[in-house]
Structure formats: C-alpha cells, structure tokens
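Student:
Residue numbers (the working numbering): -7 to 63.
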C-alpha cells in the first residue's frame, strides 16, 4: 500500500469529497489553511509543484517553501 500523496492529504484536510473540489474558489481559504498545517519536508518540492499547478492551473517553480507561499 502506497503512501498518501499531498493532493489526497489536502483533500482530506479541507473536507472536500473529491480532488477536483480543490479547484473551487470557495475552497481556496481551506486549501491555504491546510497547506500551513502540513509540516515542512513532509512532501518533496516536485509534489508541491504538481499540487499547486493542479489546484490553481498556474505554473510554479522553486523550492518547497517558495511554492507553499504561492498558495
């Protein structure tokens, strides 16, 4: 059984039923709060990049910390 990914954790922490619900504007504040609650170094920068791009539809680059601030 594989480790739960960042998107799955964000979905759970925000109370969203589906990953796609993370896109919804009404959930943006919950996503920001969830991001702040996840410990640094829990997920690699590439996973943060992928999650940011999936949720926002915008491109991202940088370190984990830089990408977390973009949320």
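Cβ atoms here follow ideal geometry from the backbone N, Cα and C, with glycine treated the same way.
Can you say whether residue 60 is buried or exposed, counting buried as having 16 or more other CB atoms within 10 angstroms of its CB?
Tutor: Label assigned to residue 60: buried.
Student: Between the alpha carbons of residue 45 and residue 51, how many angstroms are there, rounded?
Tutor: When rounded, the distance between both Cα atoms is 6 Å.
Student: Out of 31, 7 and 32, which has the shortest C-alpha to C-alpha gap to residue 21?
Tutor: With distances taken between Cα atoms, residue 21 lies closest to 7.
Student: By DSSP, does residue 53 sit in helix, in strand, or in coil?
Tutor: Looking at residue 53 - three-state DSSP - the assignment turns out to be coil, as it is neither helix nor strand.
Student: Using 8 Å as the Cβ pair cut-off and three pairs as the minimum, do the stretch -2 to 13 and the stretch 24 to 32 touch?
Tutor: Judged by Cβ distances under 8 Å, the stretch -2 to 13 makes contact with the stretch 24 to 32, as three or more pairs qualify.
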